[in-house]
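> Numbering (this note's numbering), first residue to last: 1031 to 1185.
A virtual CB, placed ideally from N, CA and C, is assigned to each residue, including glycine.
Next up, the structure:
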């Protein structure tokens, strides 16, 4: 029987029923990330950075607990990593639907296709860090592209 601690970590890693019961859990995890990011971008930049770091480290921890308890690596039901990646993609963005829509599409593109170095991270980093860091990398690439668009070609 699982301990309450492990069950709680697994619920956080899967965002409760979202990762376990809905089709396309990664997309729904990214949509949940949009909701979190909507609150995040209202904060000062330093607070956004601290929140995001805490989210990433927390996601690594609960993902590791989930992977150990289920003896799986990066099970599709674990979607806290999508939330972290999506939040990174949108950090410091204006709270406007066009940036959020583009950030969502860019993050999903890089998360699904996993071009190098994201694919390398996905294959070579194990445990909770491996589950989360490929999504963080996808979010970082999306963030860089969004910053270029924001600076050079404001929408």
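Nearest by alpha-carbon distance to residue 1122: which of 1061, 1177, 1045, 1038 is it?
Taking only the C-alpha atoms, the option nearest residue 1122 is 1177.
> So residue 1179 packs on residue 1185, CB below 8 angstroms; how close in whole Å?
7 angstroms
> So for residue 1177, helix, strand or coil by DSSP?
helix
> With residue 1128 as the anchor, note down where its alpha helix (DSSP H) starts and where it stops.
1127-1143
> Please report the distance separating the alpha-carbon of residue 1167 from that of residue 1120.
Each residue's Cα considered, the two are about 13 angstroms apart.
> Please list, in chain order, all residues of the same chain as residue 1125 whose beta carbon is under 8 angstroms from its beta carbon, the five residues on each side excluded.
Excluding the 5 residues flanking it on each side, residue 1125 has same chain C-beta neighbours closer than 8 angstroms at 1068, 1071, 1072, in chain order.
> Do the stretch 1128-1135 and the stretch 1045-1055 make contact, defined as three or more Cβ pairs closer than 8 angstroms?
no
> So for residue 1183, helix, strand or coil by DSSP?
coil
> Under 7 angstroms, do residue 1109 and residue 1059 count as touching if we go by C-beta distance?
yes
> Report the CB separation of residue 1092 from residue 1042 in whole angstroms; it is logged as a contact under 8 angstroms.
With a contact defined as Cβ atoms closer than 8 angstroms, residue 1092 and residue 1042 qualify at about 5 angstroms.
> Please classify residue 1075 as buried or exposed, where buried requires at least 16 other C-beta atoms within 10 Å of its C-beta.
exposed
> Quick check on the DSSP output: the alpha helix (DSSP H) that includes residue 1050 runs from which residue to which?
DSSP places residue 1050 in the uninterrupted alpha helix (DSSP H) bounded by 1047-1051.
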